[in-house]
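Asker: Provided herewith is a single structure, encoded as structure tokens, for subsequent inquiry.
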Amino acid sequence: MSDDETIIRSVIENWAAAVRAVDMEGVLANHAEDMVMFDVPEPLQSLGLEQYQKTWELFYQYSPGGPNSFDLTQLRITTGDKAAFATAILTIFGSALRLTIGLRKEDGRWLIAHEHHSYAAKLDN
């Protein structure tokens, strides 16, 4: 595992731990100011940290945090010099979602610039 991959894994795991702990400062840490989030509930996209924070305020209306409230498995990370992405399966109280995270390196720090959370939809034939 490369140094960048180790750092990115730590950024993502610390973010998930902050979500479980209902630690908004920790949730927002290591995110780019101009980050973009595509989440399951509306709005279609959240632009910037202020809108991103509002998505978590909504999340916490339905989730008290704690164990099993936001667990990552199958975390895979691909790194480049200035950009990286990660995918994982995210489980929220037993419901599995897909998670994709895009990161960029700014002034030597890896910052989350994009998050995409989605459910797999079963299509009827």
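If you want the working numbering, it's the 1-based position in the sequence shown plus 5. We treat Cβ as the ideally placed atom computed from N, Cα and C, and that holds for glycine.
Any idea which residues DSSP pairs PHE90 with across the strands?
Answerer: Here residue 90 is taken as the residue at index 85 of the sequence shown, counted from 1. Bridge partners of PHE90: THR83, GLY107.
Asker: What's the call for ASN35, buried or exposed, on a 16-neighbour Cβ count within 10 Å?
Answerer: What you label residue 35 is simply residue 30 of the sequence shown in a count that begins at 1. Burial call: buried.
Asker: Which same chain residues, not among the five before or five after THR60, have their C-beta less than 7 Å away from its C-beta?
Answerer: Position 55 of the sequence shown holds residue 60. Cβ within range, chain order: MET42, ASP44, SER51.
Asker: Given a threshold of 16 other Cβ atoms within 10 Å of its Cβ, counted over all protein chains shown, does GLU111 qualify as buried or as exposed?
Answerer: Against the sequence shown, residue 111 aligns to sequence position 106. Classification of GLU111: exposed, given that the 10 Å Cβ count is below 16.
Asker: Residues in its own chain within less than 6 Å of GLY31 by CB, not counting five upstream and five downstream?
Answerer: Your numbering for residue 31 matches position 26 in the sequence shown. Cβ neighbours of GLY31 beyond the five flanking positions: ALA23.
Asker: Going by DSSP, what residues sit across from MET42 in a beta bridge?
Answerer: Within the sequence shown, residue 42 is the residue found at index 37, counting from 1. DSSP, once it has assigned bridges, lists SER51, GLU120 as partnering MET42.
Asker: Quick one: grab the DSSP three-state call for ASP9.
Answerer: For this step, residue 9 is matched to residue 4 along the sequence shown. Of the three classes helix, strand and coil, the one that applies to ASP9 here is helix, per DSSP.
Asker: Along the alpha helix (DSSP H) that carries VAL32, what are the first and last residues, could you check?
Answerer: What you label residue 32 is simply residue 27 of the sequence shown in a count that begins at 1. Counting along the chain, the alpha helix (DSSP H) containing VAL32 begins and ends at 29-33.
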